[in-house]
Each structure stands twice: as structure tokens, then as C-alpha cells.
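In what follows, a structure is listed as C-alpha cells, so that the remarks can point back to it.
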Amino acid sequence: MNFIEQIIEEDIQNRKNDAKVYTRFPPEPNGYLHIGHAKSICLNFGIAQKYGGKTNLRFDDTNPVKEDTEYVDSIKEDIKWLGFQWAEEHYASDYFDQLYQWAEQLICDGLAYVDDQTQEEISKGRGVPTAPGVESPYRNRSVEENLDLFRRMKAGEFPDGSRVLRAKIDMASPNMHFRDPIMYRILHADHHRTGSKWCIYPMYDFAHGQSDSIEGITHSICTLEFEVHRPLYDWFCEALKIHHPQQIEFARLNLNYTIMSKRKLLQLVKEHYVNGWDDPRMPTICGLRRRGYTPAAVRNFAETVGVAKRDNIIDVSLLEFCAREDLNKTAIRTMAVLDPVKLVIDNYPEDQVEMMDAVNNPEDETAGTRKVPFAKELWIERADFRENADKKFYRLSIDREVRLKYAYIIKCTHIVKDQNGDVTEIHCTYDPMTKSGMPDSNRKVKATIHWVPVKHAKAAEVRLFDRLFNVPAPDDCEEGKTFLDNLNPNSLEIKQAWLEEGLTYEKAVAIKHFQFERIGYFYCDPDSSTEKLVFNKTVSLKQ
Ligand code: ATP
Ligand code: MG
293 MNFIEQIIEE
303 DIQNRKNDAK
313 VYTRFPPEPN
323 GYLHIGHAKS
333 ICLNFGIAQK
343 YGGKTNLRFD
353 DTNPVKEDTE
363 YVDSIKEDIK
373 WLGFQWAEEH
383 YASDYFDQLY
393 QWAEQLICDG
403 LAYVDDQTQE
413 EISKGRGVPT
423 APGVESPYRN
433 RSVEENLDLF
443 RRMKAGEFPD
453 GSRVLRAKID
463 MASPNMHFRD
473 PIMYRILHAD
483 HHRTGSKWCI
493 YPMYDFAHGQ
503 SDSIEGITHS
513 ICTLEFEVHR
523 PLYDWFCEAL
533 KIHHPQQIEF
543 ARLNLNYTIM
553 SKRKLLQLVK
563 EHYVNGWDDP
573 RMPTICGLRR
583 RGYTPAAVRN
593 FAETVGVAKR
603 DNIIDVSLLE
613 FCAREDLNKT
623 AIRTMAVLDP
633 VKLVIDNYPE
643 DQVEMMDAVN
653 NPEDETAGTR
663 KVPFAKELWI
673 ERADFRENAD
683 KKFYRLSIDR
693 EVRLKYAYII
703 KCTHIVKDQN
713 GDVTEIHCTY
723 DPMTKSGMPD
733 SNRKVKATIH
743 WVPVKHAKAA
753 EVRLFDRLFN
763 VPAPDDCEEG
773 KTFLDNLNPN
783 SLEIKQAWLE
793 EGLTYEKAVA
803 IKHFQFERIG
813 YFYCDPDSST
823 EKLVFNKTVS
833 LKQ
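Just so you know, this note's numbering puts 532 at position 240 of the sequence shown, and the rest follows in order with no gaps.
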């Protein structure tokens, strides 16, 4: 049980909020969700599920400039893909009228004032935490004057940045967020939902807690950077005398070799360092999906990293481990050769084709078997042959034996090279007694390799990915450099591969997740067509 669950179980015991548990996931629709958000989603929805409660989806859309319906749609798709369904869908912008009334209420209670100072003057007046700030000359305006000015702010009489509404709290507080925080600013900008209705917009601190309150949220779970905002969250709920949810902070998820700021992810997309938000190298949920991650893998990852009270950095290999673990149970096996060299079985009849039995998933009997054609000429991986092999190399070399998966034991006899000295053909003989069901079928050799028959091979494009950044902390850079300087220039490699001919477009699209035997897990990319199959490597078989 994590510390948040402990708090909740105590609340349930004390019958706080009638023992109800109501959480929310509150994204700002200014970008696509990433693996950090997935952690927050799993936490919020998971807790509500565990205690028989509900979770709302609320778009925190108080900043019209950066927000867009494209993001709203993608966020909904990603949450559903992860396997969660929200109870209610809300928008902070739906509460603009209510928030405005509450602002007037605070003005009337002498708890808010219109400040005519510039942004610079306001921050200068706030001062530093170690010494009290300076009160604004406009702090003691009358209620009438404040109401009049605030109404005229709303009516659009003043230009952007000329005035703000501030809460009148404590300019000497050691918590800087208490030094008369800004509640409203003037912004003549169209909002993706409210259009041109508003030209003043509430700040996060004046919108978030109240939105939680309106929805009857009981536990408002957020990341640690909001800990310093909590007194203000509490202050507004108390001052307005409204339902007071409990804010609980946990450490945000950080992954090494990964950037998780939406602003920076947007930059990668806009400046074409990647091919869109769903580029399989991106840490976005849609990127992970296109890479071939499954919802179960992402959920298991979120569960495994747990909930921490202090910031920490998780190794990205844990995410890969979770993908492997899930795909091993479910992915359909197939043979694919990514770096082909030709193998010729000299004693195999020229035009013979045998149909071999292959297992679809050794971890799942119900996945059944399939027939794969076997013939005289095969593609095998170049790396499975070595001319000068030492004792530790167990695969193919001259005069050595290996088993061809689902077929015979072969022995290499000689090789053919081109002018450059590159091997173009590997010749071997096969032992007919070693096929499954034959007397020597159990004869042991040190290695088994995969293959695809040359005359029964299907061409496909395979996209291999490496880490997008080549340092563990891409944000830590020397003077004058940015995270972009830490991009790995070789994070994408495209190969032409040979697949089993039975892997049709229809099959690839229906099954989606495959294990290319001995190589890794692969996902059928949406770029695939009946003309050309495209596969993304999700993760290798072993670390
Ligand atoms: P930005 O990158 O623009 O600062 P953000 O990542 O905070 O934004 P929001 O849309 O405000 O994005 O986040 C929605 C919710 O997801 C918030 O409750 C936030 O605390 C949570 N969240 C965001 N990033 C992480 C993370 N890395 N780990 C855990 N939770 C996160
Ligand atoms: Mg945020």
C-alpha cells in the first residue's frame, strides 16, 4: 500500500466525504500525453477503482494561447487506450462564470484587489523569501473601485497586461505564493471553447482547486512542484467557503535518456527532429503505442515504479522490461531475416518444398501452429555465420553444425565471396534424419538459427530504434548548449527484411504484435499497406 492509499484508507475509516473517493485527471490540452501522464492516469483511475470511487477527466484549459482541440481529442484517445473510462468529462473553462462570481465575492469580502502595476513591478514588490515584500500602492482600493475596475477588465476596456486581480493575503509570508497571488490577467485571445467571450482568464491557482471543489473531488492528487501551492489551494477553498478537497502530492515520474516537458516535445515535433507526436521514439503515449507497447505493459510499468514522495529517476530499461514481459505472453512468433545472406543446401532436392510445423506461441498453446515452407535456398542472418569462429561462437562456421529452426541440422561446407571479400553464399549439407519425427530428431547441436526460404520470402520494411538522446540526462547541458545537442543522430535505422510469406497484410494488421524469433518484438506500423508491410521494433528479446 502506498502513502496515498494510506491517507485514503484513513479518510474512509473516519467517514470523511461520506467515505467516498473521487479523483480526477487534469491535463492541460497543450500537447500530447506522455509516459509521465500515464503514471498519473494509472494512479488516479487505479485508486478510484480500488476504493469503488470515480475519476473525472478535466481539461485544465485556462490558458487560451497554447490550447487546442487536437490535443483534447488525443488525450481522450490515449486514456481510453490505456484502458480507463472517466465518469465525467469537464473543462475548467465551463467554470469561468462561476470563477468570475467567486472573484467578485472575494473583492466584496475585501480579499482581492485590482493592481495597476506592471508585471515587473509586481515581481519586484514580491521580493525574496527571506525578507518581506512591498505592498502595492493599489492594495487598499475600496471595494467599489475594485469591483468597477474588475468589471471593466472583463468588459475589455483595458489592454493585455495593464491590470491584474490579486488576492489580498500576506506580502510578508515566507511562502512566495502567498504574497498576493494573481487571480486574473487580461488576455485578448480566443479560447478553443469559449471563443471571444472572455478577455480575462483565471490563473492556475484560482481555477484548479475551485474546479476540484465544484466536481466534488475528494483527493486531488498532483506532482510535488504543487506542494508549495497547497496553502493557497486551501486558502481559496476556505475564503470562498466551498467544499474543500485534499491536495496530495507525489513525485513526478522521471526517466533517464528521456525528455518529458511538453514544451520540448512540441519543439521536437515542430522542428522535425522526429516524425510527429506519435514517432515511435517519442515518450508520448501515442508514440509508445506506435512503437508496439501494449496498454498492459504501460500499466504494469506504472504499477512497478510505485508512488514516491521524493523525486527520483527511473531507468528506461524498466519500461522495456515491462514491454517484454507482456509481449512474451501474447506476441505471435514468426521468422524474419533482417540482415540476409544466402544459405544453399547442396544435397537438398532442387525443386522440393516441404511444409514444416511451426509453433505460434510457446507460451500459449491456444495460439496454435502454422506451416512454413522449407526449400534448398534460404535467407539466414549474416551474423549467424562467422568465418573465423572462436570457441565461444556456437553458430554457423565451416565444418560446424547448427539446427535450422523447425527443420534439419545442417553442416557448413564452404562459402563464396565477392571481390570485396564479403560472403555472398554459404553452402551446407543437411541431415534428413534430424527433422522432427525422424530417428535423429533429438540430436543435440549447440545452436538453432532462423531462416526464410528465398523463393517464399516476403519483403518488408523494418524500422529499428535507438534512444532518442544519447546521454542519461538530456536536460543537463553545458553552457550554450540545449537538449537538442544531446539528440542521438542514429536513433532511426530502416532496413529491408525478409519475412515468412504467410505473413499477409491482413494477418499483420489483425495480429499487430509479433515476435521475430531470436530478434525481438515488432509491431505492424500503420504505414503498412497491401503493397508493403512496415514493422517497428518495439524492444529486443533480451537486454
Ligand atoms: P508541462 O509539461 O506543460 O509542464 P505537465 O506535464 O504538468 O505540463 P499537465 O497537463 O498539467 O502537464 O499534467 C496533467 C497531470 O499529469 C497533472 O496532474 C500532472 O501533475 C501530471 N503529470 C505530468 N507530468 C507527470 C510526470 N512526469 N509524472 C507524473 N505525473 C505527471
Ligand atoms: Mg502542468
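Yeah, the Cβ is synthetic: ideal placement off N, Cα and C, and Gly gets one too.
Keep in mind that this is a model prediction, so the values were computed, not measured.
- [ ] Using only alpha-carbon positions, find the residue among 418, 407 and 639 that is nearest to residue 466.
- [x] 418
TODO: Taking residue 417 as part of the beta strand (DSSP E), name the residues at either end of that continuous run.
DONE: No beta strand (DSSP E) holds residue 417; the alpha helix (DSSP H) holding it covers 411 to 418.
Open item on the list: Taking its Cβ as the centre, do 16 or more other Cβ atoms sit within 10 Å of residue 337, making it buried, or is it exposed?
Closed with: buried
- [ ] For the alpha helix (DSSP H) holding residue 296, just list the boundary residues, first then last.
- [x] 295 to 305
Task: For residue 326, the residue or residues it bridges with in DSSP - done: 576
TODO: Mind reading off the beta-carbon distance from residue 455 to residue 441? Whole number of angstroms is fine, and I expect it under 8 Å.
DONE: 7 Å
Open item on the list: Assuming contact is defined by CB atoms lying nearer than 8 Å, are residue 476 and residue 461 in contact in what I supplied?
Closed with: no
- [ ] Please state if the CB of residue 627 and the CB of residue 837 are separated by a distance shorter than 8 Å.
- [x] Residue numbering for the chain in the displayed model covers 293 to 835; residue 837 lies beyond these limits and cannot be assessed.
Task: Short Cβ contact (8 Å threshold) for residue 504 with residue 524 - done: no
- [ ] Report the rounded CA-to-CA distance for residue 236 versus residue 647, giving the unit in angstroms.
- [x] In the structure displayed, the chain extends from 293 to 835; residue 236 sits before or after that span and is not available.
TODO: Given a cut-off of 8 Å, decide if residue 545 and residue 597 are closer than it, judged by their beta-carbon atoms.
DONE: yes
Task: Inter-residue Cα distance where the pair is residue 540 and residue 471 - done: 22 Å
Task: the segment 699 to 719 / the segment 605 to 625 touching (three or more Cβ pairs under 8 Å) - done: no
TODO: Say whether the segment 680 to 689 touches the segment 638 to 656, bearing in mind that this needs 3 or more beta-carbon pairs closer than 8 Å, one atom from each stretch.
DONE: no
Task: Heavy atom of the ligand ATP within 7 Å of residue 292 beta-carbon - done: In this structure the chain extends from 293 to 835, so residue 292 is not present and cannot be described.
Open item on the list: Please report the distance separating the alpha-carbon of residue 322 from that of residue 400.
Closed with: 34 Å
Open item on the list: Any heavy atom of the ligand ATP inside 7 Å of the beta-carbon of residue 544?
Closed with: yes
TODO: Report whether the distance from the Cβ of residue 859 to the nearest heavy atom of the ligand ATP is below 7 Å.
DONE: Nothing about residue 859 can be reported from this structure: the residues present for the chain run from 293 to 835 only.
Task: Strand pairing of residue 789, partner residues [DSSP] - done: 752
- [ ] Could you check which residue in 359, 368, 367 and 381 has the C-alpha nearest to that of residue 346?
- [x] 381
Task: Beta carbon of residue 793 nearer than 8 Å to that of residue 748 - done: yes
Task: Residues of its chain near residue 825, where Cβ-Cβ distance is below 6 Å and the 5 sequence neighbours each way are ignored - done: 752 and 800
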